[in-house]
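One structure below.
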Amino acid sequence: IQYQDNKDFKAILLGPKLSGKTQLLYRLKLNEFIETIPTYGFNIESFKYRRVKEQAKQKWK
Numbered sequence: 050i051q052y053q054d055n056k057d058f059k060a061i062l063l064g065p066k067l068s069g070k071t072q073l074l075y076r077l078k079l080n081e082f083i084e085t086i087p088t089y090g091f092n093i094e095s096f097k098y099r100r101v102k103e104q105a106k107q108k109w110k
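For the sequence shown, my numbering begins at 50 and goes up steadily by one.
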C-alpha cells in the first residue's frame with residue numbers, strides 16, 4: 050500500500066469470530082496487547098499510525 054502524509058486511511062478488519070480482530074486493532078492503536086472480551090457489533094477507532102491518520106473499523110455478523 051502506498052500513501053502520502055496527511056491523507057486519511059481507512060481499514061476494515063474482517064474475519065471469523067474469536068480470530069483476534071479486536072486484538073489487532075488495539076495492538077496497532079496502543080502498540081501493546083490488551084485483554085479484550087468478544088465484540089458484538091462493531092468497533093470504530095481513529096488514531097495516528099506511522100505518521101498516517103487511520104480509522105479502523107470492524108464489522109461482522
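All C-beta atoms, glycine included, are put in the ideal place defined by N, C-alpha and C.
Values in this document were obtained by computation on a predicted structure and should not be read as measured data.
Check, Outcome
"Given a threshold of 16 other Cβ atoms within 10 Å of its Cβ, counted over all protein chains shown, does K97 qualify as buried or as exposed?", "exposed"
"Based on Cα-Cα distance, which residue from L62, T71, I61 lies nearest to E81?", "T71"
"Please list, in chain order, all residues of the same chain as I83 whose beta carbon is under 6 Å from its beta carbon, the five residues on each side excluded.", "Y75"
"Between which two residues does the alpha helix (DSSP H) containing L77 stretch?", "70-79"
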